[in-house]
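Peer 1: Got a structure here, written out as structure tokens. Questions coming.
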Amino acid sequence: MKVLVPVKRVIDYNVKVRVKADRTGVDLANVKMSMNPFDEIAVEEAVRMKEAGAADEAVAVSLGPQQSQETLRTALAMGADRAIHVVHDGELEPLAVAKMLAGVVGEEAPDLVILGKQAIDDDANQTGQMLSGLLGWSQGTFVSKVDASDGAVRVVREVDGGLETVALRMPAVLTVDLRLNEPRYASLPNIMKARKKEIARKTPADLGVDTTPRLNTLRVEEPPKRQGGLKVGSVAELVDKLHNDAGVI
Ligand code: AMP
């Protein structure tokens with residue numbers, strides 16, 4: 121079984137995001153970038169499948185600027201076998217990403233594509249679903265457990281108020297949720313080994329995809345500043361404040 125894992129380079133989740141002064145977007149200058157945390161979980165799952173003998177090959181793919189190679193090196197250091205970099209500077213919307221991934225799937229013929237449930241920069245939660253639609257493949261989204269063998273995959277999905285278990289025919293697209301696993305840190309020897317692994321380069325044109333954005337961002341704003349909290353001396357004072365100041369009871 122072959123697993124394809126799309127990984128996105130995003131602003132590191134520890135960074136306090138700043139909006140540009142002209143409010144056209146987020147300031148990326150000198151900001152630490154890392155692999156999207158949900159994609160780390162996807163890579164971890166693919167590597168565990170290899171270690172368990174359920175998968176023979178895990179291939180990482182990233183679409184983005186030159187620096188996306190660093191993200192791919194992280195995936196390789198975690199245990200992916202090889203990587204594909206579709207080089208593109210500038211904005212990429214989920215539909216363009218899904219179309220390019222469909223092109224890579226056409227060339228690589230994986231049995232499973234495991235994506236993050238969402239990228240923490242655009243919070244779109246669209247790419248996996250669009251990819252499965254474009255391919256006509258089964259999809260299991262918000263996955264917190266995976267069991268793949270003999271042409272079928274059983275997944276547990278995190279749904280509102282509970283868990284849903286579904287059986288999918290392969291090939292299939294999965295999008296992973298936080299509780300699926302805890303991704304490993306790449307060890308130094310594995311980081312060194314990853315330097316020798318192959319990263320193939322492609323362009324959107326090689327995959328025949330027009331990447332022109334279809335959405336026009338009008339304005340990006342920071343959330344309103346939160347008011348500081350305060351301590352109350354008694355239940356009566358709490359009730360009074362909730363009633364008269366906050367107006368919630
Ligand atoms: P989104 O639909 O933008 O929230 O992204 C969902 C998932 O799609 C991510 O967790 C990645 O697995 C994948 N993805 C999105 N954009 C890219 C990209 N530029 N390169 C590789 N994978 C991506």
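Numbered per our numbering, the sequence shown spans residues 121 to 369.
Every residue, glycine too, gets a C-beta built ideally from N, C-alpha and C.
(1) Would you decide whether Val263 is buried or exposed? Buried here means 16 or more other CB atoms lie within 10 Å of its CB.
(2) I want to check one thing, is the minimum distance from the CB of Gln259 to the heavy atoms of the ligand AMP below 7 Å?
(3) Quick one: residues in its chain with C-beta nearer than 6 Å to the C-beta of Val135, no 5 flanking neighbours on either side, listed in chain order?
(4) Quick check: the segment 353-366 against the segment 229-241, are at least 3 beta-carbon pairs closer than 8 Å?
(5) If I follow the unbroken beta strand (DSSP E) through Gln259, where does it start and stop?
(6) Using a Cβ-based criterion (distance less than 7 Å to any ligand heavy atom), does Ala222 qualify as near the ligand AMP?
(7) Closest to Tyr133 by C-alpha separation, out of Phe158, Asp280 and Ala180, would be which residue?
(8) Buried or exposed for Ala141, going by 16 or more other Cβ atoms inside 10 Å?
(9) Answer yes if the segment 323-341 comes into contact with the segment 197-216, meaning at least three C-beta pairs across the two stretches below 8 Å, and no otherwise.
(10) Give every residue of the same chain whose Cβ lies closer than 6 Å to the Cβ of Ala229, excluding the five residues on either side of it in the sequence, and list them in chain order.
(11) Could you tell me which of Leu350, Thr332 and Arg202 sits nearest to Arg321, measuring between CA atoms?
Peer 2: Taking the geometry as given:
(1) buried
(2) no
(3) Val151 and Lys152
(4) no
(5) Gln259 -> beta strand (DSSP E) spans Ser258 to Ser269.
(6) no
(7) Comparing alpha carbon positions, the residue from Phe158, Asp280 and Ala180 closest to Tyr133 is Phe158.
(8) With fewer than 16 neighbouring CB atoms inside 10 Å of its own CB, Ala141 falls in the exposed class.
(9) Yes, they touch.
(10) Nothing meets the Cβ criterion.
(11) Arg202
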